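Protein sequences appear in the order of chains R and H.
Numbering of the first sequence is given in my numbering, commencing with residue 707 and proceeding in unit increments.
Numbering of the second sequence is given in my numbering, commencing with residue -7 and proceeding in unit increments.
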Amino acid sequence: MNFETRQESGWTVVAVGGRLDTTSSAEFDRRGQELVAAGSTRIVLDLSELEYVSSAGLRAVLTTAKSAQAAGGKLAIAGMKGVTKEVFSISGFDSILPTYADVPTALAS
Amino acid sequence: MAPIEASQEFHAQSEDVPGIVEFVAARAQEAGVGARRVAHLRIAVEEIALNICDHAYGSSTGLLGVSVSGDGDRFVAELFDEGPAFDPEAAPAPDLDASIERRAVGGLGVFLVQRLMDEFRYRREGRRNIVTLVVSADGQEGEA
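Quick look at the structure:
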């Protein structure tokens, strides 16, 4: 899993690539919590380079989203495609988290 | 591509799960299964293998066997353990309508398996729990 952060228009954009599975979800969880603890509570997850996500990965995304919300921020999802998009749709996570076609659209929202 | 038939024994411990997923995914690729269905298989195998690690042997560990067969049109993966009878499909379904604050994630993995696989079966055979996962070619390659 790749996890790259950058600041843009008052948001923290996190580009997550590779696989968000049982192996990588712990690292995602840790780095997500670190971001929120450091005050980056407005987060856009750019999942355009994510190959797929398993239920462990969904749980990690949800944990980070809840932490961001609890700190007064929010977490949005951008750029999903392929199997990542399928899994978010099947699980209903695309209806409990705000989702956008791409990062610019999310930043403009 | 030529039909594949292979099996390997692992331990029911979370450290073995990535290897189990890689084993099945590599054989599926060799058999000619398309990238999208291989990704579906990776997810399903991870969910079922983790379930076995959590439930089959209590706080101990034991055999987690994997056998695969098939070709690019129909590929079958079976995961088995020798713990007490345990039907993964008996897990409660997740509440997909719950809000983010109230959302429980129990049963989500099995729910994904049910939706991603063409067939998902459990059977008890002798002292083994056997979970069968099947993917078929679906003509959707390229859309993923």
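Don't be surprised by glycine CBs; every beta carbon is placed ideally from N, CA and C.
Predicted, not measured: the structure shown is a model, and the values here were computed from it.
C-beta contact flag for residue i and residue j at 7 Å
| i | j | result |
| --- | --- | --- |
| tyrosine 854 of chain R | valine 789 of chain R | Because chain R is modelled from 707 through 815, residue 854 of chain R falls outside the range shown and cannot be assessed. |
| leucine 108 of chain H | alanine 17 of chain H | no |
| threonine 747 of chain R | alanine 777 of chain R | yes |
| valine 60 of chain H | valine 126 of chain H | no |
| aspartate 727 of chain R | serine 773 of chain R | no |
| phenylalanine 794 of chain R | methionine 786 of chain R | yes |
| asparagine 43 of chain H | proline 10 of chain H | no |
| alanine 784 of chain R | tyrosine 806 of chain R | yes |
| alanine 20 of chain H | valine 30 of chain H | yes |
| valine 212 of chain H | leucine 71 of chain H | The first residue shown for chain H is -7 and the last is 136, placing residue 212 of chain H beyond what the model contains. |
Rounded straight-line distance, which links the Cα of residue j to that of residue i
| i | j | result |
| --- | --- | --- |
| arginine 113 of chain H | isoleucine -4 of chain H | 21 Å |
| threonine 729 of chain R | arginine 736 of chain R | 13 Å |
| glycine 134 of chain H | leucine 104 of chain H | For glycine 134 of chain H, the predicted model reports a pLDDT of 44, less than 50, meaning its position is unreliable; a value from the coordinates is still stated below. Distance between the alpha carbons of glycine 134 of chain H and leucine 104 of chain H: 21 Å. |
| aspartate 73 of chain H | glutamate 22 of chain H | 25 Å |
| histidine 3 of chain H | threonine 53 of chain H | 7 Å |
| proline 804 of chain R | leucine 781 of chain R | 7 Å |
| arginine 119 of chain H | glycine 62 of chain H | 25 Å |
| asparagine 121 of chain H | phenylalanine 15 of chain H | 20 Å |
| alanine 136 of chain H | cysteine 45 of chain H | The pLDDT assigned to alanine 136 of chain H is 38, lower than 50, so where the model puts this residue is not dependable, and the model offers no usable value. |
| alanine -6 of chain H | serine 815 of chain R | 51 Å |
| glycine 763 of chain R | serine 731 of chain R | 5 Å |
| aspartate 808 of chain R | glutamate 714 of chain R | 14 Å |
| glycine 779 of chain R | alanine 82 of chain H | 37 Å |
| glutamine 106 of chain H | lysine 791 of chain R | 17 Å |
| glycine 64 of chain H | valine 750 of chain R | 37 Å |
| glycine 716 of chain R | serine 754 of chain R | 21 Å |
| leucine 100 of chain H | glutamine 775 of chain R | 22 Å |
| alanine -2 of chain H | histidine 47 of chain H | 25 Å |
| arginine 34 of chain H | aspartate 752 of chain R | 22 Å |
| arginine 28 of chain H | glycine 745 of chain R | 37 Å |
| isoleucine 802 of chain R | arginine 115 of chain H | 35 Å |
Nearest candidate by alpha-carbon position, reference residue i, set the options
| i | options | result |
| --- | --- | --- |
| glycine 50 of chain H | H/Gly99, H/Ile35, H/Ala77 and H/Glu117 | H/Ala77 |
| valine 742 of chain R | R/Thr718, R/Leu813 and R/Met707 | R/Thr718 |
| glutamate 733 of chain R | R/Ser815, R/Ala766, R/Ser797 and R/Gly716 | R/Ala766 |
| valine 58 of chain H | H/Ser128, H/Ser6 and H/Ala41 | H/Ala41 |
| isoleucine 796 of chain R | H/Val102, H/Leu56, H/Gly75 and H/Glu111 | H/Val102 |
| arginine 66 of chain H | H/Ala27, H/Leu56 and H/Ser128 | H/Ser128 |
| glutamate 117 of chain H | H/Gly75, H/Glu111, H/Ala82 and H/Gly99 | H/Gly75 |
| glutamine 5 of chain H | H/Glu38, H/His32, H/Ala82 and H/Gly99 | H/Glu38 |
| glycine 723 of chain R | R/Thr711, R/Leu768 and R/Glu740 | R/Thr711 |
| glutamate 111 of chain H | H/Glu7, H/His32, H/Asp8 and H/His47 | H/His32 |
| asparagine 708 of chain R | R/Gly779, R/Gly738 and R/Gly716 | R/Gly738 |
| glutamate 740 of chain R | R/Arg725, R/Leu756, R/Leu753 and R/Thr769 | R/Thr769 |
| leucine 756 of chain R | R/Arg725, R/Leu813, R/Ala744 and R/Gln775 | R/Arg725 |
| glutamine 0 of chain H | H/Leu55, H/Arg34 and H/Ala27 | H/Leu55 |
Span of the alpha helix (DSSP H) around residue i
| i | result |
| --- | --- |
| glycine 788 of chain R | 788 to 797 |
| phenylalanine 734 of chain R | 731 to 743 |
| threonine 811 of chain R | 809 to 813 |
| valine 25 of chain H | Where valine 25 of chain H is concerned, there is no enclosing alpha helix (DSSP H), given that its DSSP letter is neither H nor E. |
Bounding residues of the beta strand (DSSP E) (the contiguous stretch that carries residue i)
| i | result |
| --- | --- |
| aspartate 752 of chain R | 748 to 752 |
| aspartate 73 of chain H | 66 to 73 |
| glutamine 775 of chain R | Run containing glutamine 775 of chain R: none in the beta strand (DSSP E); it sits in the alpha helix (DSSP H), 761 to 776. |
| glycine 723 of chain R | 717 to 726 |
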